[in-house]
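Report on the following structure.
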Amino acid sequence: MDAKQLHILQHSLGLDEYGRGTFYRNHFVTGGGSKDHADCMALVKAGFMTVRSGNALSGGDDVFRVTDTGKAAITEHSPKPPKLTRSQQAYQDWLSYDGSMSFIEYAKWKSRRRAVEAGRI
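Numbering (this note's numbering), first residue to last: 172 to 292.
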């Protein structure tokens, strides 16, 4: 599998370039003659995707779905994410935080929580 095919599998499932994320979809729509169709057909031949002929909903283009084998291939072939610095990780944690604090408020709050948990406060 080449990098473009890996990207098609990841994109079909809504994952990032490292194969991370939540499977919130499982489809890839492309038609004959497009730049991705041959790669999708190669993925079907390898058992990583299935294909259904197009219909009115897909504009006549084929609809591809990732198989369980394809999901395993994503896990196997996706590169490892880069290591984050402590600051980068704190920012990612804030992005995942579901609250109304600004980043600086969140950072101060987390710092206080760590101090309390460590018994310094």
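Think of the CB as a built atom: it goes at the ideal place given N, C-alpha and C, for glycine as much as any other residue.
With H, G and I counted as helix, E and B as strand and the rest as coil, what does DSSP make of residue i?
i      : result
Arg191 : coil
Phe235 : strand
Phe219 : coil
Tyr268 : coil
Gly185 : coil
Ser229 : coil
Asp173 : coil
Asp210 : helix
Give me the residue from the options with the minimum Cα distance to residue i.
i      : options                   : result
Ala174 : Arg223, His248 and Gln259 : His248
His178 : Tyr277, Phe219 and Arg223 : Phe219
Arg223 : Phe199, Ser271 and Ala286 : Phe199
Gln176 : Met212, Lys251 and Gly204 : Met212
Arg257 : Asp269, Arg291 and Lys281 : Lys281
Just to confirm my understanding: we take residue i, look at its own chain, exclude 5 residues before and 5 after, and list those with CB closer than 7 Å. What are they?
i      : result
Asn197 : Ser183, Leu184, Arg236 and Val237
Gly202 : His208, Gly225, Gly231, Asp232 and Asp233
Thr246 : Gly190
Tyr195 : Gly185
Just grab the DSSP bridge partners of residue i for me.
i      : result
Phe297 : The structure shown does not extend to residue 297, since the chain is modelled only from 172 to 292, so the question has no answer here.
For residue i and residue j, which I take to be in contact (beta-carbon distance under 8 Å), what is that distance rounded to the nearest angstrom?
i      : j      : result
Leu180 : Leu214 : 7 Å
Ala278 : Ala289 : Contact flag wrong, Cβ pair sits at about 17 Å.
Ala243 : Met172 : Going by Cβ atoms, the distance from Ala243 to Met172 rounds to 12 Å, so no, they are not a contact pair.
Confirm the yes/no value for this check: CB of residue i, any heavy atom of the ligand MG, distance under 7 Å.
i      : result
Arg257 : Of ligands this structure carries none, so the ligand MG is not represented either.
Here's a check: name, in chain order, each residue in its chain whose Cβ is nearer than 6 Å to the Cβ of residue i, leaving out the five neighbours to either side.
i      : result
Tyr271 : According to the sequence shown, residue 271 is Ser rather than Tyr. So the list is empty, once near-sequence residues are dropped.
Pro252 : Tyr189
Using C-beta distances below 8 Å, list every residue in its chain close to residue i, excluding the 5 sequence neighbours before and after it, in chain order.
i      : result
Phe274 : Tyr262 and Trp265
Ile292 : Arg283 and Ala286
Thr193 : Gly185
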